[in-house]
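Read the structure below first, then the notes.
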RNA sequence: GUCCCCAUCGUCUAGCCGGCCCAGGACACGGCCCUUUCAAGGCUGUAACACGGGUUCGAAUCCCGUUGGGGACGCCA
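Numbering (our numbering), first residue to last: 388 to 866.
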């Protein structure tokens with residue numbers, strides 16, 4: 388059978404960068420193997436789940452270019468049913484009954500209040516101790532009128548083992564296992580139960596998830612066995628921690644995928660960074676999406692956690708922006724447009740935009756920066772940075788620019804080489820250093836002290852606008 | 001507290017089935033070059049096998065211990 392992988396987010400917020408990484412590893416392997424990638428929404432916690440979150444997560448996945456073969460909005464074979472766990476209650480109920488029937492699970496009538504109290508009392512006596520459910524209801528008779536949860540009857544002897552594709556064999560003594568809850572009082576299944584049933588029913592062959600799930604894998608293996616099912620394979624990923632080595636949170640970096648989009652990072656760059664985090668292919672750092680699919684494998688997935696590095700991330704993303712083979716001009720143009728609009732610039736034509744992009748490509752680290760660098764091209768009158776003007780554009784220099792514009796008037800052809808030759812000659816004839824003219828010209832043309840190469844700017848701007856901006860130079864100086 | 005896991009430059013990592021490694025790449029940081037600006041680019045420098053025992057002719061690589069770090073132990077996922 389073809390491999391079937393899945394990503395199963397719980398819709399209680401945006402798509403977390405760590406979640407995106409989990410989704411990516413699943414997706415990469417599915418694509419590499421010609422298997423199927425399933426998206427399943429784990430919304431059994433009614434309190435926290437929302438449709439808005441589902442939408443946000445789907446949008447973020449689409450932006451990253453991680454597409455799913457089965458799941459919300461695309462459906463799937465009839466036999467797999469809904470890809471929303473909240474719509475699968477009947478399935479869980481039926482399977483729970485089965486477990487109770489075979490003696491693998493039982494109803495527990497202890498209330499949350501009683502248990503919480505016991506937990507607190509224990510804590511008061513011994514702050515370090517951990518409450519373990521004592522199995523009070525294991526052999527209790529059914530109480531038809533009382534609310535109950537369903538607990539799994541964990542074995543107390545032996546051990547539960549599984550072989551992880553990343554970590555190798557993992558053994559957990561069963562005595563470390565308590566009678567964990569399968570179904571809540573409100574009838575909704577808990578994670579371990581729902582995930583196990585769904586992974587089996589949806590024919591998932593390999594479960595890839597964060598290392599924080601290693602601990603409940605034995606519980607799930609126990610469940611598979613209780614149902615008489617063969618567990619799938621498991622692969623756990625090392626965690627992506629904050630620069631300080633703590634759990635990654637808003638304090639340290641952007642954790643929402645949306646933020647990366649808003650900050651102007653290219654999706655393929657984001658993917659590249661998060662996959663190289665924990666996986667490698669020799670010394671190669673930069674990969675296209677296709678290359679990732681082709682080269683990905685489990686042999687070189689690391690076991691140890693790592694710390695997120697903003698600088699490295701930015702560099703990887705930048706690398707994608709710089710290389711035309713990774714970000715073709717047309718894509719670059721398409722992606723920079725929203726940021727141009729954000730600055731209140733009217734949409735330039737594709738021709739204008741693609742002519743201007745090569746000049747900013749190797750200096751703009753994000754699409755947002757690119758929009759900023761491109762800004763002066765698309766305003767009738769560029770915004771002038773006062774500092775640049777004060778430093779570089781005095782009255783004398785401005786007057787010279789007017790003179791220069793006159794000599795450029797008849798220049799043919801209007802290309803960078805001709806412009807440079809002409810300008811150099813002109814400077815030389817007057818005994819001027821090129822930079823004494825170039826810098827003031829830059830301010831007049833772009834309003835800034837830093838820009839793409841001057842003569843390229845002139846070419847992109849075109850003769851008419853270049854001359855007009857040069858002639859306007861004296862008016863830039865305040866009286 | 002119990003259980004599980006991890007350990008190469010500041011960071012991500014190569015190497016890990018032992019000799020090619022007095023440890024390679026990338027980011028960051030420093031220097032030089034290029035240069036009309038900012039970048040980009042080229043060259044270059046600083047910088048790591050956590051520690052202690054084994055095994056072996058030989059260990060970053062295998063084994064044990066110590067230390068350090070992380071995770072799990074919910075009617076969250």
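Think of the CB as a built atom: it goes at the ideal place given N, C-alpha and C, for glycine as much as any other residue.
Annotation for residue 594: the continuous beta strand (DSSP E) segment containing it runs 593-597. Proximity to residue 439 across 475, 416, 477 and 397 peaks at 397, based on C-alpha coordinates. Every beta strand (DSSP E) of 3 residues or more that sits fully in the stretch 507-544 is shown, in chain order, as 536-539. Under the three-state reduction of DSSP output, residue 773 falls in the helix class. Exposure of residue 533 is indicated by the presence of fewer than 16 other C-beta atoms within 10 angstroms of its C-beta. Restricted to the stretch 733-769, the alpha helix (DSSP H) segments that are unbroken, complete and at least 4 residues in length are 737-748 and 754-761, listed in chain order. Remark: C-beta atoms of residue 550 and residue 495 do not approach each other more closely than 8 Å.
The stretch 421-433 and the stretch 455-470 touch, with no fewer than 3 CB-CB distances between them shorter than 8 Å. In terms of Cβ geometry, residue 662 and residue 679 form a close pair [threshold 8 Å].
Restricted to the stretch 470-508, the alpha helix (DSSP H) segments that are unbroken, complete and at least 4 residues in length are 476-488, listed in chain order.
For residue 626, the three-state secondary structure derived from DSSP is coil.
In the DSSP assignment, residue 466 forms no beta bridge with any residue. Contact between residue 683 and residue 419 holds: their C-beta atoms lie close to 5 Å from each other, under 8 Å.
Among the bridge pairs identified by DSSP, residue 666 is matched with 688. Counting along the chain, no beta strand (DSSP E) covers residue 584; the unbroken alpha helix (DSSP H) around it starts and ends at 578-588.
Judged by beta-carbon spacing, residue 754 lies within the 8 Å limit of residue 723, meaning their Cβ atoms are closer than that value.
Between the stretch 546-565 and the stretch 598-607 there are three or more C-beta pairs closer than 8 Å, enough to call the two in contact.
Closest by C-alpha distance to residue 655, out of 707, 644 and 443, is 707. Within its own chain, the residues whose Cβ lies closer than 6 Å to the Cβ of residue 861, once the five positions on either side in sequence are excluded, are 785, listed in chain order.
The beta-carbon distance between residue 421 and residue 391, rounded to whole angstroms, is 11 Å. This is too long to meet the 8 Å contact definition.
With fewer than 16 other beta carbons inside 10 angstroms of its own, residue 793 counts as exposed. For residue 600, the closest alpha carbon among the candidates 760, 395, 526 and 761 is that of 395. Counting C-beta pairs with one atom in each stretch, the stretch 614-629 and the stretch 515-530 have fewer than three that are closer than 8 Å, which means they do not touch.
The three-state secondary structure of residue 700, taken from DSSP, is helix.
Our two residues, residue 413 and residue 750, have alpha carbons roughly 34 Å apart in a direct line. The beta carbon of residue 435 lies closer than 6 Å to those of 399 in the same chain, with the five residues before and after it left out. When secondary structure is reduced to three states using DSSP, residue 557 falls in the strand class. A distance of 8 Å or more separates the beta carbons of residue 806 and residue 857. If you draw a straight line from the Cα of residue 548 to the Cα of residue 568, it is about 21 Å long. About 7 Å separates the beta carbons of residue 595 and residue 624, which is inside the 8 Å limit, making them a contact pair. Contact between residue 453 and residue 417 does not hold, since their C-beta atoms are separated by about 10 Å, which reaches or exceeds 8 Å. Burial is judged here by how many other beta carbons sit within 10 angstroms of a residue's own beta carbon; residue 844 has at least 16 and is buried. With fewer than 16 neighbouring CB atoms inside 10 Å of its own CB, residue 734 falls in the exposed class.
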